[in-house]
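The letter at position 260 of the sequence shown is residue 259 when you use numbering that gives the first Met the number 0, and the numbering goes up by one with no holes. Beta carbons: idealized from backbone N, C-alpha and C, even for Gly.
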Amino acid sequence: MYNVAAHLLQLTGTGYSIAPFVLIGILSAVAAYAYASPAKVWGSTPSLTSTKAYLLRCSVYHARLLPRESAHSFRYPTMAMLLPLRALESNALDLGNGYLFGYGSSAFNVTGIRPATYLTPTTDPSKSIFAKLQDTLAARGLPSRRLKDAWVLTMPTYLGYEGINPLTVYYCYDISDTLWTVVLEVHNTFGERHIYVLFPGEGEDDKPQDGFEHSWTFPRQFHVSPFNDRSGYYRCSVQLPSQGPSAQKQAERMQPAVKITLLTADDIPEVKLIASINARKSIPLSSRSLVTALIQTPFILFLSLPRILYQAFILHYFKRLDVFPRPDPHATSPLVESRLSPVANPVQDPHPTRLSGAIGWLPESRSERWARHRIEAFLLQRTAELNYTVLLVSSDPGTKIKTFPNSPPSKNPEETLIIYYRSPKVFTTILLAPSPQHAIMLGSRAEGFFTPSSEELFIEIFSASPSPNPAQNIIRTRISTLCTHAAQSIRRKLIPPHIQSELEVPPKHCLDRPMDLTMLVVLSFLCIADALERILTFAFRVRFVAGFEPWEGWNRLDKTSLNTRTKHGSIRS
């Protein structure tokens, strides 16, 4: 509920401000002038074959077939672009000096492509898509130098608005201008990213579906729909562009298509979901064709996320499908994944091919960042005191391994603690748990946020009370004692009574400091946020799959009720 509300707030704050509607009016006026005097507006009059990029009128289709009582389907038009990657990044496709359409676009472009929003996020937002595509292939052991060029099927930015862009397809060609691989980049509404790398002639189905040239079936991993768990298999069918991006002549028709069929994990699989995007019409990309398309359908590029939310509303409130909370992405490193605790909503295959995997994680929240900084400061001091080594290892390969203290790890494994974690929630979990034993029970055994290499060593390190400040007056000492007591009281109230009776709550927390009013504010904020999530959930009558409620973490210590997959989806009357 919190995430849906966040997306709605984002829409009202950025995507649907008055500015886009004003700009559309300006665009209409400019378009009329462009038709009257194109050379004055756009420079030299572009011919329809001046570029080899295409504007696509597409049809998006979704059909949910299981459970049968929740069957639902819809179809809507959208607009996409088919762009030769090398020409795009050389700015050869820019229109109107880059203001009508441009690569590396800004808020001042009408439409454009921003490299930062594609493939693996980097610290350099200007890194090209081609370079990131090469890195993505190389990270999977593929000869990235073989990549010569690629068609990119994607949706552009519009008037500064960055849509969700659910699917981007890279048709990759090698140095002999032969199709080498097809890369699917999938985004969900939370901003997470996942890729599937598919090779023609390798691992393909015996027979492609009618109307498609290639078809592959592979286990699903990525959380896209809140109404599905992560079990089952995808059957991906692809219709290719009619020629490669390096072809000298412009093709008369360019109508690529992608169809995804979700199959259940039964011995005899059933079709659970169908999603497809088909290019119904392709037009050479030019100033006139783009302006015409935007005038005819001025809001079409704004509508992807509102349509997703609207269909989710129908499925939840009218078709009665329950919601799965967002699970953390499966680790791309088999070693890291093998060290992590299992989760309640596992992927279909815990050992998938190296050619698929997550490439974009949800960034940490402000509270998670604050908790991480507090824990890192504590570990620097504590590891120096004990002469131990602690390593923080994230499942996100983009997060560097952190070592405490800042020195080479101890060669003695009995003096080294490795904390593997799926999510930055580990930091707020340790912050909110009244003791390290509670943190292990909730964060490791119940939720699978993290796993310590040694529970005993974890407890020893995080059981330490913070060192008291020297020589404080009576008033400051009294205030410090009250702050410590208040902080532990807040933490204690978060623990169910039956857990309180099993584990003793210590008088102090290792992360609390003398006169720590900031800690009280942070703890109070986290408690209020949790309570607000519950209030909004009940107010809007949001129903989670039984046992998956975000606030029921302590009850997930017994996971027997969650190990049975809901293959078709969960329905409650």
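Per DSSP, the beta bridge partners of Phe-73 are His-61.
Here DSSP, grouped into helix, strand and coil, assigns Pro-324 to coil. The C-beta separation of Val-425 from Phe-448 comes to about 5 Å, placing the pair in contact by the 8 Å criterion. Per DSSP, the unbroken beta strand (DSSP E) holding Lys-401 starts and ends at 401 to 403.
In this structure, Ser-337 lies away from Gly-95, with their beta-carbon atoms at least 8 Å apart.
For the set Arg-421, Ala-62, Ala-432, Ser-288, the Cα lying nearest the Cα of Ser-224 is the one of Ala-62. Classified as buried, Ile-358 has 16 or more neighbouring CB atoms from the shown chains inside 10 Å of its CB. Of all alpha-carbon atoms in Lys-126, Asp-395, Thr-388, the one lying nearest the alpha-carbon of Thr-402 is that of Thr-388. For Ser-500, the enclosing alpha helix (DSSP H) has its first and last residue at 496 to 501. DSSP places Lys-280 in the uninterrupted beta strand (DSSP E) bounded by 270 to 283.
Checking the DSSP bridge columns, you'll see Glu-203 partnered with Trp-215.
Under the three-state reduction of DSSP output, Leu-178 falls in the strand class. Looking at the DSSP output, Ala-52 bridges to nothing. Phe-226 is not a Cβ neighbour of His-193, given a cutoff of 8 Å.
Here Glu-161 has Arg-113, Thr-116 as same chain residues with Cβ atoms under 8 Å from its own Cβ, once five neighbours each way along the sequence are excluded. Taking a C-beta distance under 8 Å as the contact criterion, Gly-190 and Leu-334 do not qualify as a contact pair.
Here Val-59 has Tyr-75, Thr-77, Ile-276 as same chain residues with Cβ atoms under 6 Å from its own Cβ, once five neighbours each way along the sequence are excluded. Here the C-alpha atom of Ser-340 lies approximately 20 Å from the C-alpha atom of Leu-431.
Taking a contact to require three or more Cβ pairs closer than 8 Å, the segment 511 to 524 and the segment 286 to 303 do not qualify as touching.
In the DSSP assignment, Val-541 forms no beta bridge with any residue.
Residues of the same chain with a CB within less than 8 Å of the CB of Ile-478, apart from the 5 flanking positions on each side, are Met-514 in chain order. Annotated as distal: Leu-166 and Phe-129, with beta-carbon spacing of 8 Å or more. Taking C-beta atoms under 8 Å as the contact rule, Leu-197 and Trp-215 qualify, at a distance of about 5 Å. Counting other Cβ atoms within 10 Å of its Cβ, His-437 reaches 16 or more and is therefore classed as buried. Counting C-beta atoms within 10 angstroms of its own C-beta, Pro-435 has 16 or more neighbours from the protein chains shown and is therefore classed as buried. Excluding five sequence positions before and after Ser-422, the CB atoms of its chain that fall closer than 6 Å to its own CB belong to Asp-327, Phe-448, given in chain order.
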